[in-house]
Every structure is written in C-alpha cells, then in structure tokens.
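Numbering-wise, the sequence shown is residues 617 to 1228 according to this note's numbering.
Backbone N, C-alpha and C define an ideal beta-carbon position, used for all residues, glycine too.
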Amino acid sequence: MRRVGREARPFLRARTGVVLRLAGWSLLEFAQTFLGGFGVARALDDGFLAGRPPTGLLWLAVAAVAVLPSVPAARGVFGRLADLVEPLRDGLVRRAVSRALSGALDRSGDVSTRSLSQVTHQSEIARDGWAGLVLTLRSFVFTAAGAVTGLLALSPALLLIVLPPLVLGSALFLGTLPPMAARQRDYLAADEAYAAHAGLLAASVRDIAAAGAAERTVAESRTLAEAQLAASRSLARWSGVRVLALAVCGRFPPLLLLLGAPWLLRNGLTPGALVGALTYLTQALAPAVQALMTMLGTVGGRLVVVLDRFTDAPPPPAEDPPSRDAVPPSRGTPVAELHEVSFAYGPGAHPVLDRLSLTIGAGEHLAVVGPSGSGKSTLAAVLAGTERPTGGAVRWRGRPVRPADATSVRVLLPQHAYVFSGSLRDNLRYLRPDARDREIAAMADALGLDALLSRLGSLDAAVEPDRLSQGERQLVALGRAYLAAPPLLILDEATSRLDPAAETRAELAFGALPGALVVVAHRLSSARRAGRILVMDGPRTQCGTPDELLRSCALYRDLAGLWEPADTGEPEGVGEPGEQHVEGEPEEPGGTVGIGRGKGCGIRSTPPPSPV
C-alpha cells in the first residue's frame, strides 16, 4: 500500500481538477439522498399524520423531484470518470512495455511473459477496478453524507443506534482485506506462472514431441493449474468472511432501529422521523455500504495487488564479471572456446562430449567429421549456445556464453532450412533487416542465387516454402547468414542438399568473410577446404590439418576412402525432386558415411549407444 500510495499521489495531484469536477456532479446525489428521507419524514409529520394531505403530497413531490437530476449527474460523472481512468491504463501499459524492452536489452530472463500479462490482462484489471472503485467510493461518500446529515436533522439520537453496527461491520471487513490481498497476489502469481509455462510450451511443441516429454509436460501443466485453482479457492474462502461483515453493516442497523423504536418514540422521536430514518437506512445507507464493501473486497484488493506488481522494482540485470564486461575483446581473443566441455543426454547416459577443449580463432575455417551419432550436431549445438554443457565452460570472444549475446555473435544453420511465407527479400533479410539491395545483389552473386532470383522474378516475389526444393531452401538460409556476417558461423550440414560445385562456391564465399566458419562436413571435399579438421568418434576426438590426419588417424583415412566416390561422381543437383538424404547410410553413388570401421583415433569396434 505504501508503494502504491507513493505512485498514486502524484497521479491524483496532477488531476485535481478532474476530481473536483467529479465531486461537483456528485453533490446532486447528496441532495437526492438527503431530500429522499427528509421528505418522507415531513410528509408524515407535517402532512398526513397532522391531517394536511396536500402538505404531505407536496413533501413527497419534493422527494420525487430530487431524483430527476440523477440522469444529467450520471452523464457528468461518467464523462469525468474517463479523464481519470484512461490515463491510468495508458500509463501502466507504457510502463510494462518500457520495462519489457529494457529487460530484453539489458539482461536475459523471462520478462516477456510477465509483460504480456501486464499489457493485456493486468492492465485491464487495473482499468476496470479503478473505474469501479472510483464510482463506488464516490457514491458511498456522498450518499452516506446525505444520510448522516438527514439523520442528524431528524434526531441526533438515531446515530446512537445506527453507528455502532456500522463501525463494528467496517472493522470486521477491514480485518479481512490484508489476507484477501495476499490471496489475490498468490492468484496473480499463479496466473503469471501458468502464462509463462504456456508461452514456453507453445514454442517447444516440436521439441517436446521429439524428446517424448509429453507426459512430463502435462504433469507440469497440471501442477501449475492446480496451484492456480488452490489460490482461487483460498481467495473465495476469505470472500465468505466478507458476507458476515456485510450483514452486520447492512442488516443490523434497520433491525436495531426497529427494536429501539419504542424507546425512541418515548423520548420524543416522531413517527415520521422513524420512517424517514428507516428510509435512509434501507434505501440509501445500507446499499451504499454493501456496494462499497463488495467493491473493496473483490476489485479493491485485486487492484492494489495489480498496481503493486506494476510499481515493484524490476529484477536487477544479470552481470558478468566487471573485468570482462568493461573491456572489449582484443584482436587476439578467440571467437569461441571450449574448455574441458562434457555433454550427456541425461544423468546416466553415455557422454557424447567428454572433456573436449577447442579454440576457434577469428577467420578460421574448421571442419567437423565423424560417423553418424558421433556427436557432431551436439558439438554444433553446444558451440552455438543452444545446448548447455553438463561440464566445462563455453566462451564467446573471451566471455561466458550469454543468451543476450547470441544474435550478435553466432549463426547456426541446421540441415533443414527454415523458409517462411513472404517475399524473398524478407526471407533473405531475416537476420539483418537493414540490408540494402546492393548488398543482397553481392550476396546472390557470391553464393549463386541468380538462378533462384530469375525463377521467382524479383526480390519482392512471394515465396511459397512448399514450392522450393530442399537445395533452394538451403540457399535462402545461407544467404541470410552471409548478409548477417556473424563472428561465428556454424553450418550443421547446411549445404547437404547442394551439389558439390554449389557447396564449394558457398563455403569459399563464407571463407572469405572475416568471421570464423565451422562446417559439419558430409563430403571430404568440404573437409579438405578447412584449415583444420576435428574428427569425432563419440567422446574421443582428434584435431589437425588434413595431411596430419591422413598420417595419424585411421578413422579419417577410412572416412576419406568411403567419401572419395561422392566427391568424384556425378553432381547431385540443387534440390532435385524426390532426393533423399539419410544420415548413416551412403547416398548414391557415395555421400554421407555411416559408422566407420578401423583402428586408431578412438574408433570403436561396435557402434556407440544412442545418447537418448
């Protein structure tokens, strides 16, 4: 409440004129309430009970006429209400969006789901709750003032009977507000947690299906839903306590007035004043108290909790050691480093990477080769930061891997290229939206996209992914990476659907860029173009130049022998219809190699077990 109050005071102070105009229109409600009960009392005492029916009718007419200004009053109230409510919602949305953008730029973390809930669901809760609270509180203040003024005008003794139950019920009600606010906070926290889980689930459906994690995901969803349900039920139980407070405030005053009527009449209270007091209690004060308590008990507590979540301080940004953040990487700093890195797909699984150390410098060209299942794609994922190692450390440009640095450091292209419906220009500029047409033209010339451009007609031609061959999709993905020109480019068989000539052209073009190039090779010619080759056989690895490995690594010699037909045979063509490529089986007439057999370099006599 203190934090929300500090934020609310300048907001209301800036809109003092709106509040005063709202109060001015509400004075008509004060007059209507006062004249309603007072007119009934005078109609009985001075009119009908005194034998003067015209006087009684006149006072009733006065009470009836007092209702007429309620229509323009309501119109004026709602007009001023918009000037008080809409700026609140706009300010909350601006705050949530600003916080989300700052968080996305300054730190990694799940700020988007919370901000999405605040911009949509929570801002609407605040808007509707604030509007309802202003209307109800305004009505209560002026209605209660009119009723209390009328009771004083009729007889001050009436307050001795009316005020005690009102004070008792109000105290009971106020005592329920803190626990109800706490339950409301729990409910909103559970709602945000479920929203975050749902957002992550929607983005990971394919991964969940591929990993067979559906049952675990359903269990996590059920747990979060049950937590939200438990918070909702707890809130409902405390809401039941509010019913007792409403009964004390709304039902007890008229009952006590009737019970004390004989004593009041013996002490000078007139019958008209008694009926007028009952009118005030049943027609004005009790409904106003009930409306206020209902609003505070439901919307009021929720409003305070929501505003508190908008005004709390955002979590501090994640920081790396100052010595590394303050000093930019030097020219000699490697682009990527693996230091004693291990990786396994589970606590009891055989390690795919076992204490692997590797350094990749700027401008270096590294090829990764090995049998199917030896961990080449796993190495690419760990190097790209999409998989977290189970041991060791991965560094980019001398600093630990941070998700916030990913888009500025590396690009990972998998074998299956992603192309979306849209223009060819948008697809090519996916990683670099500000790329100019002359840069796109230079890229097309370097990679050989001229044939695709000619077939589609122009950069603005619509791309239908299903009408592109696999090779054409890979060319589009390669074009994106070329335009982005990242410090580290990782091609995980990203040229497997290109013919040898097109693959050579693409790799030579990437090799001319200043960044480091890591290629998971599926042809020996691709490996021979690299300055260094990393041979993988599960957790056992060997690294060196092509000539060094031919002399020292039997597995590399075996792979080279099996690879030779694919490198000298007929070209495959770029995305020929019906082409198939299955890792682990040779293609026709050669192609990607399955499990190599031989001695040295850690080669096994049997295939390694599956990591999953």
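Could you tell me which residues DSSP puts in a beta bridge with residue i?
i: residue 1153; result: 1156
i: residue 848; result: Its beta-bridge partners do not exist; DSSP assigns none.
i: residue 1012; result: 952, 1015
i: residue 1026; result: 1104
i: residue 1078; result: 1039
i: residue 983; result: 1135, 1149
i: residue 990; result: In the DSSP output, where bridge partners are listed per residue, residue 990 has none listed.
i: residue 888; result: DSSP lists no partner for residue 888.
i: residue 563; result: Summary: the structure shown does not reach residue 563, with the chain confined to residues 617 through 1228, and so no result is reported for it.
i: residue 957; result: 972
i: residue 655; result: Its beta-bridge partners do not exist; DSSP assigns none.
Quick one, are the C-beta atoms of residue i and residue j less than 8 Å apart?
i: residue 654; j: residue 758; result: no
i: residue 891; j: residue 666; result: no
i: residue 951; j: residue 986; result: no
i: residue 1105; j: residue 1059; result: no
i: residue 911; j: residue 762; result: no
i: residue 991; j: residue 957; result: no
i: residue 984; j: residue 1134; result: yes
i: residue 887; j: residue 676; result: no
i: residue 760; j: residue 901; result: yes
i: residue 903; j: residue 778; result: no
i: residue 982; j: residue 1146; result: yes
i: residue 1009; j: residue 955; result: yes
i: residue 1029; j: residue 1101; result: no
i: residue 972; j: residue 833; result: no
i: residue 796; j: residue 854; result: yes
i: residue 644; j: residue 685; result: yes
i: residue 1162; j: residue 1144; result: yes
Applying the 10 Å Cβ sphere with the 16-neighbour rule, what's the burial state of residue i?
i: residue 702; result: exposed
i: residue 1175; result: buried
i: residue 791; result: exposed
i: residue 1107; result: buried
i: residue 728; result: Caution is warranted here: a pLDDT of 49 is assigned to residue 728, below 50, making its placement in the model unreliable, and the coordinate value is therefore given only provisionally. Burial call: exposed.
i: residue 772; result: exposed
i: residue 649; result: buried
i: residue 859; result: exposed
i: residue 1076; result: exposed
i: residue 962; result: exposed
i: residue 1045; result: buried
i: residue 995; result: buried
i: residue 768; result: exposed
i: residue 683; result: exposed
i: residue 818; result: exposed
i: residue 1119; result: buried
i: residue 882; result: exposed
i: residue 1053; result: exposed
i: residue 934; result: Legend: pLDDT at residue 934 = 41, less than 50; position of this residue unreliable, no value from coordinates given.
i: residue 1073; result: exposed
i: residue 1190; result: Residue placement at residue 1190 is flagged as unreliable, the pLDDT there being 44, under the threshold of 50; the coordinate-derived value follows with that caveat. Answer is buried; the Cβ neighbour count reaches 16.
i: residue 845; result: exposed
i: residue 959; result: buried
i: residue 625; result: exposed
i: residue 808; result: buried
Just checking my contact of residue i with residue j at CB under 8 Å: how many whole Å lie between their CB atoms?
i: residue 964; j: residue 1130; result: That pair is no contact at about 43 Å.
i: residue 1063; j: residue 1125; result: 6 Å
i: residue 697; j: residue 638; result: 7 Å
i: residue 905; j: residue 788; result: Not a contact, Cβ separation roughly 12 Å.
i: residue 865; j: residue 786; result: 6 Å
i: residue 1251; j: residue 851; result: Nothing about residue 1251 can be read from this structure; the chain reaches only from 617 to 1228.
i: residue 652; j: residue 899; result: 7 Å
i: residue 1090; j: residue 1110; result: 6 Å
i: residue 999; j: residue 1027; result: In fact, because the Cβ distance is near 12 Å, the residues do not count as touching under 8 Å.
i: residue 755; j: residue 630; result: With a Cβ gap of about 24 Å, residue 755 and residue 630 do not count as contacting.
i: residue 871; j: residue 894; result: Rounded, the Cβ-Cβ distance is 11 Å, inconsistent with contact.
i: residue 699; j: residue 750; result: That pair is no contact at about 11 Å.
i: residue 1079; j: residue 1039; result: 7 Å
i: residue 923; j: residue 811; result: About 19 Å; that fails the 8 Å criterion.
i: residue 687; j: residue 641; result: Not quite, the Cβ-Cβ distance comes to about 12 Å (not below 8 Å), so this is no contact.
i: residue 993; j: residue 1136; result: 7 Å
For this session: Would you mind listing the alpha helix (DSSP H) stretches within the stretch 800-880 that are 4+ residues and don't spill past its ends, in chain order?
Result: 821-827, 830-866, 868-875
Problem set entry | Whole runs of the beta strand (DSSP E) within the stretch 1111-1151, excluding any shorter than 3 residues | 1132-1136
Exercise. Along the chain, which unbroken stretches of the beta strand (DSSP E) at least 3 residues long are found entirely within the stretch 732-782?
Worked result: none
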